[in-house]
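A quick write-up on the structure given underneath.
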Amino acid sequence: MVLGTLRVPSFRTRAVRDTLKKLRMATNVQCYLVEQDAAGLVHSGMALRSLDDLPPGDVLIRVAYSSLNYKDAMAATGHRGIVRRFPHVPGVDVAGTVVQSGAVGIAVGDTVIVTGFDQGASRWGGWAEYVRVPHDWIVPVPAGLTLRESMILGTAGFTAALCVDALQKHDVQPESGPVVVTGATGGVGSVAVAILAKLGYDVAAVTGKPSAAEYLTQLGAKRIVPRGEVDDKRDRALLSEVWAGAIDAVGGNILGTILRSLKHGGCVAACGLAGGNDLPVTVYPFILRAVTLAGIDASWCPRAARDQAWQRLATAWKPANLESMATFTTLAQIDPYIKDILAGRILGRVVVELHI
Ligand SMILES: NC(=O)c1ccc[n+]([C@@H]2O[C@H](COP(=O)([O-])OP(=O)(O)OC[C@H]3O[C@@H](n4cnc5c(N)ncnc54)[C@H](OP(=O)(O)O)[C@@H]3O)[C@@H](O)[C@H]2O)c1
1039 MVLGTLRVPS
1049 FRTRAVRDTL
1059 KKLRMATNVQ
1069 CYLVEQDAAG
1079 LVHSGMALRS
1089 LDDLPPGDVL
1099 IRVAYSSLNY
1109 KDAMAATGHR
1119 GIVRRFPHVP
1129 GVDVAGTVVQ
1139 SGAVGIAVGD
1149 TVIVTGFDQG
1159 ASRWGGWAEY
1169 VRVPHDWIVP
1179 VPAGLTLRES
1189 MILGTAGFTA
1199 ALCVDALQKH
1209 DVQPESGPVV
1219 VTGATGGVGS
1229 VAVAILAKLG
1239 YDVAAVTGKP
1249 SAAEYLTQLG
1259 AKRIVPRGEV
1269 DDKRDRALLS
1279 EVWAGAIDAV
1289 GGNILGTILR
1299 SLKHGGCVAA
1309 CGLAGGNDLP
1319 VTVYPFILRA
1329 VTLAGIDASW
1339 CPRAARDQAW
1349 QRLATAWKPA
1359 NLESMATFTT
1369 LAQIDPYIKD
1379 ILAGRILGRV
1389 VVELHI
């Protein structure tokens, strides 16, 4: 097949099979497979597939770590908003080592990160021992991050970085006033709290888990806000001005409440829908307080912004307490975590260990 101007080798040729043998790689791939039976019921669990079953691409990666994002949990249940075709392998995140490359500038042995694009959505993803991807999806692991740390961050951390960047671009500075993070104990929320605190912002963490106050304080939150306090059901176009900025992972009436509570010129970076996909709000916050609603899409983030976010996550924005927000598991033991993330019960990030 041809990708751009690159001629990409087929992985079905004898030469490639010989190379794989030389690399002492198995031609089988352990993966977490989601299938649908003739009655339409979805089944999922560990399975063995061939390397030939992997999607096309010019780079083959031996996966060291993947992770569990909300989107992966939806894919694992066969959610048709995510899974286009069965059988499917979830996993929007991958960190690992290149074992085959037909791309200029990407060599066997390079350690790399792949997050988003179609990975784990319309293509098989990172819940497998190997993934094959187009070279332009790949980010080299930046100096300052290990493979393990890059997947503690994963798509959630990358998204948090894009949200902080959006606030800065809209001139929300530490001296502008308090910044609120919703879904604060989740993956995006935890990393967002930690980055903002590191950069000197006055961070308020909204959570539905009162027992997580200590966890959030350790990440750097100055104030813990019970979820109900930012879920105003009154029919008022505007509320008291409280927040200079916000990072919202939950949507719905909570996003509507925050938009109505932003200070003049404030900005909310909206990235999620854990609480709902509607948005009950009038135009008044926009036309009377000049607030900005900045949309965040991590999956198709352009190259320059993608590289910049990972560079920042490896240096000035790297949370000091990464390990404290991580739980480690394996693909064979991931099912309870899938249930927990769908029920909003996860604290921080769940990292999946493969070839470590
Ligand atoms: N736009 C993008 O590119 C992008 C990228 C990554 C993720 N996302 C989206 O961002 C959201 C968060 O992702 P994540 O990986 O952080 O998920 P997560 O780890 O599951 O965290 C979501 C958090 O939201 C809160 N929450 C759950 N149910 C809620 C409800 N009914 N009402 C209000 N809050 C609720 C919980 O935190 P508390 O208990 O602390 O309140 C939960 O831990 C998801 O919707 C995900 O799909 C979007």
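Quick note on this note's numbering: the sequence shown kicks off at 1039 and runs consecutively.
We treat Cβ as the ideally placed atom computed from N, Cα and C, and that holds for glycine.
On a predicted model such as this, the values are computed, not experimentally measured, just so you know.
Alpha-carbon spacing of residue i relative to residue j, whole angstroms
{"i": "PRO1264", "j": "GLY1246", "result": "6 Å"}
{"i": "ALA1354", "j": "ALA1232", "result": "12 Å"}
{"i": "ASP1096", "j": "TYR1103", "result": "20 Å"}
{"i": "LYS1236", "j": "ASP1335", "result": "23 Å"}
{"i": "ALA1284", "j": "LEU1311", "result": "15 Å"}
{"i": "ASP1131", "j": "GLY1154", "result": "7 Å"}
{"i": "ARG1274", "j": "ILE1262", "result": "24 Å"}
{"i": "VAL1218", "j": "ALA1243", "result": "6 Å"}
{"i": "TYR1239", "j": "GLN1211", "result": "7 Å"}
{"i": "ARG1186", "j": "ASP1091", "result": "27 Å"}
{"i": "GLY1225", "j": "GLU1213", "result": "26 Å"}
{"i": "VAL1046", "j": "GLY1119", "result": "Confidence at VAL1046 is low in this model, with a pLDDT of 40, below 50, so its placement is unreliable and the value that follows should be read with caution. For VAL1046 and GLY1119, the distance between alpha carbons rounds to 31 Å."}
{"i": "CYS1309", "j": "ALA1343", "result": "16 Å"}
{"i": "LEU1385", "j": "GLY1195", "result": "14 Å"}
{"i": "THR1065", "j": "ASP1373", "result": "26 Å"}
{"i": "MET1189", "j": "ASP1316", "result": "30 Å"}
{"i": "TYR1108", "j": "ILE1379", "result": "6 Å"}
{"i": "ALA1198", "j": "LEU1351", "result": "10 Å"}
Nearest-angstrom Cβ-Cβ length linking residue i and residue j, presumed shorter than 8 Å
{"i": "GLY1333", "j": "PRO1318", "result": "The pair is not a contact, with the Cβ atoms about 17 Å apart (cut-off 8 Å)."}
{"i": "TRP1281", "j": "ILE1151", "result": "That pair is no contact at about 32 Å."}
{"i": "VAL1389", "j": "SER1105", "result": "5 Å"}
{"i": "VAL1402", "j": "ALA1133", "result": "Lying before the first or after the last residue shown, residue 1402 is absent from the chain, which here runs from 1039 to 1394."}
{"i": "HIS1208", "j": "CYS1305", "result": "4 Å"}
8 Å Cβ shell around residue i - same chain, five flanking residues per side excluded
{"i": "VAL1268", "result": "VAL1218, THR1220, VAL1244, ILE1292, THR1295, ILE1296, SER1299"}
{"i": "ARG1123", "result": "SER1160"}
{"i": "LEU1277", "result": "ASP1270, THR1295, ARG1298, SER1299"}
Cutoff 6 Å; reference residue i; Cβ partners in own chain excluding five residues on either side
{"i": "CYS1025", "result": "Outside the displayed span of the chain (1039 to 1394) sits residue 1025, for which this structure offers no information."}
{"i": "THR1135", "result": "ARG1100, THR1149"}
{"i": "SER1082", "result": "VAL1072, ALA1114"}
{"i": "VAL1121", "result": "ALA1113"}
{"i": "ALA1166", "result": "VAL1067, CYS1069, VAL1127"}
Residues near residue i in its chain [Cβ-Cβ closer than 7 Å; skip 5 each side]
{"i": "CYS1201", "result": "ALA1230, ILE1285, ALA1307, CYS1309, ILE1334"}
{"i": "GLY1382", "result": "GLY1246, ALA1312"}
Member of the options whose CA lies at the smallest distance from the CA of residue i
{"i": "PRO1125", "options": "VAL1080, VAL1179, GLY1266, ARG1341", "result": "VAL1080"}
{"i": "ASP1075", "options": "ASN1107, GLY1116, HIS1173", "result": "GLY1116"}
{"i": "PRO1172", "options": "GLY1140, ASP1203, THR1184", "result": "GLY1140"}
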